[in-house]
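Under the working numbering, the first residue of the sequence shown is numbered 4, with each subsequent residue one higher.
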Amino acid sequence: MLDQILGKNTTIILGGGLAGLSAGYVLTKAELGVKVFESDSTVGGLSKTIIHDGFRFDLGGHRFFTKDRELNNFVKELMREEIISVQRKSKIYMRNKYFDYPLKPFNAILGLGVSTTMEILADYAAEKIKNLIRKPQNISLEDWVVSNFGRKMFNIYFREYSEKVWGIDCSRISAEWVARRIRGLSLASAVKNAFFKLNAKDVASHVDVFLYPQLGIGRISDRLKEDIEAGNNSVLTDSRIERINHSDFKVESVVINSRERFVTENGMEFISSIPITKLLKMLHPAPPENILTAASQLRFRDLVIAAVMINRKRVTDQTWIYIPEQKVPFGRIHEPANWSGKMAPEGKSILVAEFFSFKGDRIWNKSDEELTAVTVENLENMKFIKKHEVIDSAVLRVPNAYPLFEIGYRERCDEIYEYLGGFKNLHITGRSGMFRYYNMDHAIESGIKTAKKIIKKCRIQDEEKKAENHVS
Ligand SMILES: Cc1cc2nc3c(=O)[nH]c(=O)nc-3n(C[C@H](O)[C@H](O)[C@H](O)COP(=O)(O)OP(=O)(O)OC[C@H]3O[C@@H](n4cnc5c(N)ncnc54)[C@H](O)[C@@H]3O)c2cc1C
């Protein structure tokens with residue numbers, strides 16, 4: 004038994020989001036010892052579901068979709084009858100009009116007017132000719148979008164939403180990231196599909212149907228936790244990792260702050276899914292100065308969620324509505340009851356607004372009351388609700404929601420990966436753990452892969468031990 008070779012509780016997992024829990028789940032199924040430590044009072048990380056007086060909502064609606072059959076089966080088998088298929092319905096709200104999302108050419112032309120559409124197409128053609136004469140130097144998101152879609156298109160569809168989401172000028176966002184992730188940048192892909200490429204491959208990320216647990220996305224993490232615990236391993240919440248002790252590029256133990264009680268845990272293997280910047284600060288002794296400098300230049304975009312509970316059966320028939328315009332302070336809303344009827348009590352609904360923010364900025368520092376008032380006022384201006392229909396509210400601040408891909412991030416990450424790669428028993432995984440734009444499927448996949456790497460390592464050690472015993 005592998006467990007006997009390494010001793011019980013050999014793998015320590017930092018962070019109980021999808022990546023950490025998936026790793027713990029796979030190691031548990033392989034009968035290896037695992038302890039997951041999560042700083043929050045519940046598991047799930049970014050993919051958790053908040054329960055508030057009979058209402059449920061995710062931290063921004065989370066749909067599960069993957070092109071990988073194995074991962075799809077993994078989630079379906081885990082969730083069984085809890086999982087439902089949901090019809091995707093989303094719109095873009097812009098210039099006081101609704102545009103289909105993904106954009107449809109006819110709808111987009113009607114919305115923008117024929118002359119603006121002609122300008123977009125002419126500008127696009129001019130940019131293509133320019134590119135033929137001189138290969139474009141695409142350094143920033145702005146460079147990339149302008150050279151691929153034309154400036155008019157960039158100004159209308161990309162600039163406002165991108166700057167709202169990322170909080171920095173498009174000229175400072177890395178083109179390398181956007182070129183790889185264009186289909187992940189929701190509005191961008193919709194625009195591309197509407198005007199330029201209308202083939203099935205391009206609309207793959209806009210599937211009309213996605214998977215969703217009836218009681219919210221957080222149930223996936225709950226189920227992983229349940230199975231880890233059923234395998235006699237543990238998932239400890241309210242347990243913040245504060246220090247990582249190592250010597251000779253080998254991690255020996257972690258120090259955990261569990262409700263102001265400090266505990267040291269030893270382990271053989273360590274998986275970290277906590278933000279990579281935090282991990283580096285916790286290493287004891289500290290990493291070299293150049294690594295700390297690189298880490299200090301990696302930033303995350305944070306998120307504030309304002310949910311308002313409404314005394315009406317349904318407000319919209321949409322899953323998401325994107326709001327690029329700067330005059331509305333939030334970037335997206337969703338109505339959880341349209342995802343699953345179980346997300347709100349009978350006859351009531353809930354709207355969840357996402358404010359993209361930096362920790363400590365004007366939005367982040369607003370009081371909960373102010374944020375609720377701003378949300379209600381804007382929803383009323385957009386004619387979604389009447390103020391008197393609001394029966395309750397909840398505000399949450401979510402740090403490290405999005406890795407921010409500023410120009411130069413790749414080189415900084417490479418330097419950090421190289422340093423961390425030198426550790427014999429420390430594995431980084433997950434979205435903020437690796438500073439990658441991972442969706443849930445990628446986060447789960449990265450956790451599974453990390454666990455498999457450890458299982459393989461254990462098997463090799465097992466074989467070596469058997470061979471040694473045989474010789475002696
Ligand atoms: C607004 C929004 C909408 C999204 N929508 C979708 C969607 O529709 N579909 C999709 O597939 N993906 C979506 N995603 C992405 C998805 O949320 C992530 O890919 C996934 O949740 C990442 O999981 P993770 O485990 O890698 O990271 P995390 O969820 O960040 O987990 C890391 C965990 O580490 C914990 N932690 C941090 N510090 C410590 C410490 N010192 N000690 C112990 N624990 C610590 C954190 O509390 C957290 O639980 C969305 C993300 C956002 C922000």
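Where a beta carbon is used, it is the ideal one built from N, C-alpha and C, also for glycine.
Check, Outcome
"Exposure of Met121, with buried meaning 16 or more beta-carbon neighbours within 10 Å", "exposed"
"Nearest neighbour of Leu283, chosen from Arg315, Gly270, Glu245 [CA to CA]", "Glu245"
"CB-CB length for Arg66 against Gly219, believed under 8 Å", "No, Arg66 and Gly219 are not in contact; Cβ-Cβ is about 12 Å, not under 8 Å."
"Residue nearest to Tyr318 in terms of C-alpha spacing, selected from Met385, Asn269, Arg302", "The residue you asked about is not Tyr; residue 318 is Val in the sequence shown. Taking only the C-alpha atoms, the option nearest Val318 is Met385."
"Ligand 1 heavy atom lying under 8 Å from the CB of Phe67", "yes"
"Cβ neighbours of Thr119 in the same chain (closer than 6 Å, five flanking residues each side left out)", "none"
"DSSP bridge partner residues for Glu272 (one or two, in chain order)", "Thr14"
"For Gly221 and Thr52, believed in contact at Cβ under 8 Å, the rounded distance", "3 Å"
"Start and end residues, alpha helix (DSSP H) containing Met121", "117-136"
"Cross-strand partners of Val311 (DSSP beta bridge)", "Leu354, Ser396"
"Beta-carbon proximity list for Lys155, same chain, < 6 Å, skipping 5 on both sides", "Glu122, Ile123, Asp126"
"Collapsed DSSP secondary structure at Gln479 in the structure displayed", "Since the first residue shown for the chain is 4 and the last is 475, residue 479 is missing from the structure and cannot be characterised."
"Among Arg226, Glu357, Ser343, Glu130, nearest to Arg335 - alpha-carbon criterion", "Glu357"
"beta-carbon Arg243 near ligand 1 non-hydrogen atom, thresh 8 Å", "yes"
"Rounded distance between the beta-carbons of Phe303 and Ser435, thought under 8 Å", "7 Å"
"Check: Tyr405 C-beta below 8 Å from any heavy atom of ligand 1", "yes"
"Minimum length 4: unbroken alpha helix (DSSP H) runs contained in the region 281-349", "292-299"
"heavy atom of ligand 1 below 8 Å from Arg175 C-beta", "no"
"Thr432 - partner residues in DSSP beta bridges", "DSSP output for Thr432 lists no bridge partner at all."
"Exposure of Glu41, with buried meaning 16 or more beta-carbon neighbours within 10 Å", "buried"
"Contact between the region 290-308 and the region 399-411 (3+ Cβ pairs under 8 Å)", "yes"
"Cβ-heavy atom distance, His445 to ligand 1, below 8 Å", "yes"
"Gly187 versus Gly425: straight-line alpha-carbon distance, rounded", "Because the pLDDT of Gly187 is 47, which lies under 50, any placement of that residue in the model is unreliable, and the number read from its coordinates should be weighed accordingly. Taking the straight line from one Cα to the other gives about 32 Å."
"Three-state secondary structure (DSSP) of Leu201", "Here Leu201 scores only 46 on pLDDT, less than 50, and its place in the model is too uncertain to base an answer on."
"Contact set for Gly450: own chain, Cβ-Cβ below 6 Å, skip 5 residues either direction", "Ala22, Ser25, Ala26, Thr432"
"Helix, strand or coil at Ala476 [DSSP, three-state]", "The first residue shown for the chain is 4 and the last is 475, placing residue 476 beyond what the model contains."
"Cβ-based burial, Asn134 [other Cβ within 10 Å; buried from 16]", "exposed"
"Simplified DSSP state of Gln7, which is helix, strand or coil", "Residue confidence for Gln7 is low, a pLDDT of 42 falling below 50, so the modelled location carries little weight; the figure read from the coordinates is stated next. If DSSP states are grouped into helix, strand and coil, Gln7 belongs with the helices."
"Rounded separation between Lys1 and Arg226 - CA only", "The shown model of the chain, from 4 to 475, leaves out residue 1, and the question about it has no answer."
"CB contact below 9 Å: Met437 versus chain C", "This model lacks chain C altogether, as it is built from one protein chain only."
"Backbone secondary structure at Asp103 - three-state DSSP", "strand"
"Assigned secondary structure, Ser208 (DSSP; H/G/I helix, E/B strand, else coil)", "No answer about Ser208 holds up, because its pLDDT of 49 lies below 50 and its placement is not dependable."
"Simplified DSSP state of Val474, which is helix, strand or coil", "helix"
"Minimum length 3: unbroken beta strand (DSSP E) runs contained in the region 375-422", "393-407"
"Beta-carbon spacing of Ala309, Thr378 below 9 Å", "yes"
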